[in-house]
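Enquirer: Let me begin by handing over the structure; questions about it come next.
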Amino acid sequence: MDSSDEKSAHTDILEVSRASDLVDPHRVLRKLDWRLIPFVSVLYLLAYMSPFTLNRGPTGNAKIAGLITDLHLTGVEFNLTSAMFFIPYCLLDIPSNMALKYFKPSRWIPFIMVCWGVVLLSMAFVKTYHELMITRVLMGAAESGLFPGVSFYLCLWYPRYAQAQRLSIFVSASSLAGAFGGLLAYAIEHMNGVGGLAGWSWIVRLAIVTIIVATLASCYMQDFPETATFLTPAERDWLVQALREDTAASSKEFNLRYLIQALRDPHAYLLAAMNFFIVVPQFAFSLFLPTIIVGLGYSSLHAQLLTIPPSICGCICTIIFGTVSDKIGARGPLLLLGSLLSLVGYVMLLTTEVPVVGYIGTIIAAAGLYPSSVCNLAWTSGNAGGDIKRGAMIAIVGGIGNSGAIASSFIYRQKDSPRYIPGHATNIACCCVLAILSSIGMFEFWRMNRKKRAYCSKEGIDSSRYEEFAELGDRSPLYRYVSQYTFLLSIRPDFTRYTL
């Protein structure tokens with residue numbers, strides 16, 4: 056770096072320093088929270104209510120509400136229609152996140168919402184198995200970009216030390232959807248025959264609400280911190296600089312070489328493997344919870360209502376895990392804890408014939424399943440340097456992980472009712488593998504950080520040289536991976552100044 060560059064960099068630092076003297080970091084983060092989190096959570100709530108209706112699979116509450124009977128589906132056809140959704144849903148994650156960065160979030164996210172809202176609405180009028188199959192594929196394509204896109208969007212706004220808590224609130228909408236979905240399906244089942252439509256057909260009228268919200272989203276959403284109109288200039292400068300320092304000044308340039316870096320990064324596939332073994336039991340839980348509860352001996356109407364407590368428990372635990380994760384700077388240990396909680400819940404389901412004990416097992420399983428996805432997502436975002444690589448990593452982990460949802464569509468088979476022992480055993484195996492992989496991940500990222508620290512110490516590299524290594528992203532010797540507890544806390548010397 057020549058002398059003019061050094062003077063320019065020094066001037067920038069002084070300007071941001073003066074601006075930050077006038078800025079309360081807590082206030083900035085609170086502004087982000089109120090502006091971003093509620094709205095994107097509503098978007099995800101609308102999307103995720105459909106596993107309990109029709110969106111990710113014609114199972115769950117829609118199954119109980121008579122979908123199989125009305126469309127004359129066999130057990131295999133029923134599971135195939137669930138699985139077909141996930142093929143485009145997994146394959147299109149990466150292109151969608153690249154499109155989000157290129158076209159801007161305020162355009163891309165509302166666009167895909169309108170698309171899947173229209174497809175979902177059309178599902179109310181399907182009459183045959185083949186029509187349902189076609190709409191399932193279209194739905195998977197339309198909705199593929201929502202979760203990775205919104206996750207990427209939030210990670211563009213928050214430093215790594217504040218991401219898990221915010222992502223947990225966003226993701227908790229999925230478990231909250233279980234409560235709303237169960238209550239809604241209970242009411243809709245009593246609408247069977249109203250307007251000449253079957254009960255399950257009424258469920259997809261949520262699409263109208265989705266389209267309306269998507270229209271509002273295009274007007275309400277802000278694209279990037281650099282252009283945030285709801286922040287003062289000083290707050291905006293502080294946020295941009297805080298984000299830049301947090302990622303060792305990693306490049307925000309739209310360059311496909313960062314996509315290639317992500318595709319070649321073995322850490323992406325380690326995290327994706329973890330996500331796969333989260334998704335298999337989690338989606339099976341979402342898709343088949345009403346069916347599992349019926350198998351415990353409860354009626355179909357009661358099963359709709361009994362999906363509510365596990366979902367609420369999952370929602371609360373997700374937020375608790377996310378908050379604790381940011382407070383102590385941990386991802387892996389909490390992911391390990393979530394896998395063990397889920398393991399206990401599924402062991403209870405597998406080994407008992409007492410309905411109450413089995414039902415308590417569903418609540419314990421939910422307490423571990425839903426938080427695990429947040430910890431994995433925050434771990435992925437925290438270990439990818441640069442916007443494009445982060446977006447690609449989130450998409451890779453999500454795409455590969457979500458392929459587990461295809462398997463989840465087949466592990467609870469009608470012929471295994473009422474106890475569904477093969478399904479519970481499969482989920483137990485997934486929880487065990489997840490525990491092992493999360494332990495490997497903690498060791499690997501700790502090892503990489505130790506190696507980087509040793510290199511920086513040997514070569515005399517310190518934080519004044521961020522710009523020199525900016526193009527390297529997380530390969531920069533100054534970039535620190537989120538490992539086990541205390542490592543996130545040591546990313547910045549002044550971390551505590553910005554904690555919540």
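In our numbering, the protein residues as written are 56 to 555. Here a beta-carbon is modelled for each residue, glycine too, at the ideal position from N, C-alpha and C.
State the Cα-Cα distance for the pair Leu311 and Arg386, rounded to the nearest angstrom.
Expert: Taking the straight line from one Cα to the other gives about 28 Å.
Enquirer: Using a Cβ distance threshold of 8 Å, determine whether the region 445 to 454 contacts the region 391 to 401, with at least three qualifying pairs required.
Expert: Flag = no, the region 445 to 454 and the region 391 to 401 do not touch.
Enquirer: Terminal residues of the continuous alpha helix (DSSP H) containing Pro288?
Expert: Element bounds for Pro288: 288 to 301.
Enquirer: Nearest to Ser366 by CA position, among Trp293, Tyr425, Glu522, Gly204, is which residue?
Expert: It is Tyr425.
Enquirer: Please classify Thr136 as buried or exposed, where buried requires at least 16 neighbouring CB atoms within 10 angstroms.
Expert: Burial call: buried.
Enquirer: Residues in the same chain with beta-carbon distance under 8 Å from Leu318, minus the five sequence neighbours each way, listed in chain order, please.
Expert: Only Ala447, Ile451 meet the Cβ criterion.
Enquirer: Counting along the chain, where does the alpha helix (DSSP H) carrying Asn457 start and finish?
Expert: Where Asn457 is concerned, the enclosing alpha helix (DSSP H) stretches over 442 to 457.
Enquirer: Taking His479 as part of the alpha helix (DSSP H), name the residues at either end of that continuous run.
Expert: Run containing His479: 476 to 514, per the alpha helix (DSSP H) assignment.
Enquirer: Hey, Leu404 and Thr417: beta-carbon distance below 8 Å or not?
Expert: Yes, the pair counts as a contact, with Cβ atoms nearer than the cut-off.
Enquirer: Would you mind stating whether Gln218 and Gly528 have Cβ atoms separated by less than 8 Å?
Expert: No, the Cβ-Cβ distance between Gln218 and Gly528 is not below 8 Å.
Enquirer: Taking the alpha helix (DSSP H) that Gly416 belongs to, which residues open and close that run?
Expert: Unbroken alpha helix (DSSP H) run through Gly416: 410 to 437.
Enquirer: Let's test the definition: count the other Cβ atoms within 10 Å of the Cβ of Lys182 and tell me whether it reaches 16, buried, or not, exposed.
Expert: When all chains shown are included, Lys182 counts as exposed.
Enquirer: Under the rule that 16 or more other beta-carbon atoms within 10 Å means buried, what is Cys274, buried or exposed?
Expert: When all chains shown are included, Cys274 counts as exposed.
Enquirer: Have a look at Gly437, Ile516, Phe331, Leu361 and flag the residue whose alpha-carbon is nearest the alpha-carbon of Phe343.
Expert: That would be Leu361, whose Cα lies nearest to the Cα of Phe343.
Enquirer: For Trp89, count the other beta carbons within 10 Å of its own beta carbon; 16 or more makes it buried, fewer makes it exposed. Which is it?
Expert: Per the 10 Å Cβ criterion, exposed.
Enquirer: Answer yes or no: do Gly377 and Leu222 have a C-beta to C-beta separation smaller than 8 Å?
Expert: Yes, the pair counts as a contact, with Cβ atoms nearer than the cut-off.
Enquirer: Quick check on Asn152: does DSSP put it in helix, strand or coil?
Expert: In the structure shown, Asn152 sits in a helix (DSSP, three-state: H, G or I).
Enquirer: Give me, in chain order, the residues of the same chain whose beta-carbon lies closer than 7 Å to that of Leu298; leave out the 5 immediate sequence neighbours on both sides.
Expert: For Leu298, where only same-chain residues beyond five positions count, the Cβ hits under 7 Å are Pro214, Pro280.
Enquirer: What residues in its chain sit with their C-beta under 7 Å from that of Ala196, if we drop five residues either side in the sequence?
Expert: Around Ala196: Pro143, Leu147.
Enquirer: Comparing C-alpha positions only, which one of Phe141, Trp293, Tyr467 sits nearest to Val131?
Expert: The candidate whose alpha carbon is nearest that of Val131 is Tyr467.
Enquirer: Would you mind sorting Ile92 into buried or exposed? The rule is 16 or more other CB atoms within 10 Å of its CB.
Expert: Ile92 should be labelled buried.
Enquirer: So for Ser354, helix, strand or coil by DSSP?
Expert: Coil.
Enquirer: Kindly indicate which three-state DSSP category Ser199 falls into: helix, strand or coil?
Expert: If DSSP states are grouped into helix, strand and coil, Ser199 belongs with coil.
Enquirer: Determine the closest residue to Lys156 out of Arg85, Gly437, Cys170, Tyr208, with distance taken between C-alpha atoms.
Expert: When each option's Cα is compared against that of Lys156, the closest is Tyr208.
Enquirer: For Phe202, which residues in the same chain have their Cβ closer than 8 Å to its Cβ, ignoring the five residues on either side in sequence?
Expert: Correct list, in chain order: Tyr99, Ala102, Gly453.
Enquirer: Exposed or buried, what is Leu555 when buried is set at 16 or more other beta-carbons lying within 10 Å of its beta-carbon?
Expert: With a pLDDT of only 31 at Leu555, under the threshold of 50, the placement of this residue in the model should not be trusted; the figure read from the coordinates follows. Looking at its Cβ environment, which holds fewer than 16 other Cβ atoms inside 10 Å, Leu555 is exposed.
Enquirer: What are the start and end residues of the alpha helix (DSSP H) that includes Arg319?
Expert: That run of the alpha helix (DSSP H) goes 311 to 319.
Enquirer: Which residues mark the beginning and the end of the alpha helix (DSSP H) in which Met403 is found?
Expert: Looking at the DSSP string, the run of the alpha helix (DSSP H) that includes Met403 is 387 to 406.
Enquirer: Would Leu391 and Ser493 qualify as a contact pair, given that the criterion is a beta-carbon distance under 8 Å?
Expert: Yes, the Cβ-Cβ distance between Leu391 and Ser493 is below 8 Å.
Enquirer: DSSP three-state call for Ile189: helix, strand or coil?
Expert: The answer is helix: DSSP assigns Ile189 an H, G or I state.
Enquirer: Using the rule of at least 16 other Cβ atoms within 10 Å of the residue's Cβ for burial, across every protein chain shown, is Arg82 buried or exposed?
Expert: Classification of Arg82: exposed, given that the 10 Å Cβ count is below 16.
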